[in-house]
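Residue numbers (this note's numbering): 99 to 444.
Beneath this line is the structure, given in structure tokens, with notes to follow.
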């Protein structure tokens, strides 16, 4: 995983939620209406490369909600979950919609990673990157009354179980699985990785004690944390998270130790949230979606969503995004070769 500059690393002033809402709302109203040469002519489908309830699903639905609330587009939006095959179902669907700008795919870096680890019915050339919009954190979680109080306790418990310790995650050979392999490499332990269709399902499985741990994003586990059913052990970021809101029992995001503080690795693991069009869409069509997503970023709802999920702003388009994709693909190709996951397409 390519390291992403931490959005939480500084001690900058963090405005109140009300200040975010008022300030961002005023800025949005000051902008002229979208005036692109192309605009959607029929209902748009947002295609989610994951099942309901997970981080990618929440990502697509907050964008849908903001677009509709602020009337950023004249046509309606429907959201379709196509999480089969670790999200490749969505990307194959996008491939089949070549040239159709009314199909918008929401994913992560799984768009370019899945063709490296499994034979899929699409290639990266079948989709057109539009934007990266956020950097998602990863946290090691366990259920509340688990016997291990720290991340190191959990690792030692896994070591004692000699490969039977169950680590839940969203999809196989996807980001959660990659992080699990990196924890194994850093600590010398072996987990039994148990894949589910989405981060939302993984959260439920951990709360129900069907797995011992997961590495969910903040937004995927926060409801169970508030309910007192799971608790965080460490965040895979060189810096602690800055959001000071207390979530449960007097503990909040900024109280979670880093993986380095907790004495395990890796030190830095975060994931981009990305938006794509099918291949053979035009520059004008891509420009419409880039501009629309840039408007979404200015809204109070988007800023509040990032803050509530302790996510970072990662806005990349065009050549910058293309360069990021190439670098991340190369880094992970080397990891997958080491894990024995790398496959050749065809």
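Ideal Cβ placement from N, Cα and C applies to all residues, glycine included.
Rounded C-alpha distance that separates residue 115 from residue 402: What you label residue 115 is simply residue 17 of the chain shown in a count that begins at 1. What you label residue 402 is simply residue 304 of the chain shown in a count that begins at 1. Confidence at residue 115 is low in this model, with a pLDDT of 40, below 50, so the placement of that residue is unreliable and no value is reported for it.
Where residue 144 falls: helix, strand or coil (DSSP): Within the chain shown, the letter at position 46 stands for residue 144. In the structure shown, residue 144 sits in a strand (DSSP, three-state: E or B).
Unbroken stretches of the alpha helix (DSSP H), 4 residues or longer, contained in the segment 257–326: 273–285, 297–305 and 316–324
Residue 381, DSSP secondary structure in three states: For the purposes of this step, residue 381 is taken as residue 283 along the chain shown, with counting starting at 1. Reduced to three states, the DSSP call for residue 381 is helix.
Classification of residue 199 by the beta-carbon crowding that lies within 10 angstroms, buried from 16 upward: For the purposes of this step, residue 199 is taken as the residue at position 101 of the chain shown. Classification for residue 199: buried.
Residues that residue 239 bridges to, as DSSP identifies them: Here the question's residue 239 lines up with position 141 in the chain shown. Answer is 312 and 330, bridged to residue 239.
Rounded C-alpha distance that separates residue 308 from residue 143: As a first step, residue 308 must be located in the chain shown, where it is residue number 210. As a first step, residue 143 must be located in the chain shown, where it is residue number 45. Cα to Cα, the separation comes out at about 34 Å.
Within 9 Å, strictly: CB atoms of residue 205 and residue 258: As a working mapping, residue 205 is identified with position 107 in the chain shown. As a working mapping, residue 258 is identified with position 160 in the chain shown. Cβ distance not < 9 Å, so residue 205 and residue 258 don't count as in contact.
Segment contact, 8 Å Cβ cut-off, at least three pairs: the segment 388–402 with the segment 304–324: no
Proximity below 9 Å, CB of residue 136 to CB of residue 382: If you number the chain shown from 1, residue 136 lands on position 38. If you number the chain shown from 1, residue 382 lands on position 284. Yes. Within cutoff.
Coil, strand or helix - residue 414 by DSSP: Sequence index remark: in the chain shown, residue 414 carries index 316 (1-based). Correct three-state label for residue 414: strand.
Min CB distance residue 319 to chain C below 9 Å: Annotation note: the requested chain C is absent from the structure, which comprises a single protein chain.
Cα-Cα separation, residue 346 to residue 315: Position 248 of the chain shown, counted from the first residue, corresponds to residue 346. Position 217 of the chain shown, counted from the first residue, corresponds to residue 315. Looking at the two C-alpha atoms, the distance is approximately 17 Å.
For residue 432 and residue 156, the rounded distance between their alpha carbons: By one-based count along the chain shown, residue 156 stands at place 58. By one-based count along the chain shown, residue 432 stands at place 334. Roughly 31 Å between the two C-alpha positions.
DSSP state of residue 348 mapped onto helix, strand, coil: Here residue 348 corresponds to residue number 250 of the chain shown, with the count starting at 1. Reduced to three states, the DSSP call for residue 348 is coil.
Start-to-end residues for the alpha helix (DSSP H) that takes in residue 193: By 1-based counting over the chain shown, the position of residue 193 is 95. Element bounds for residue 193: 186–194.
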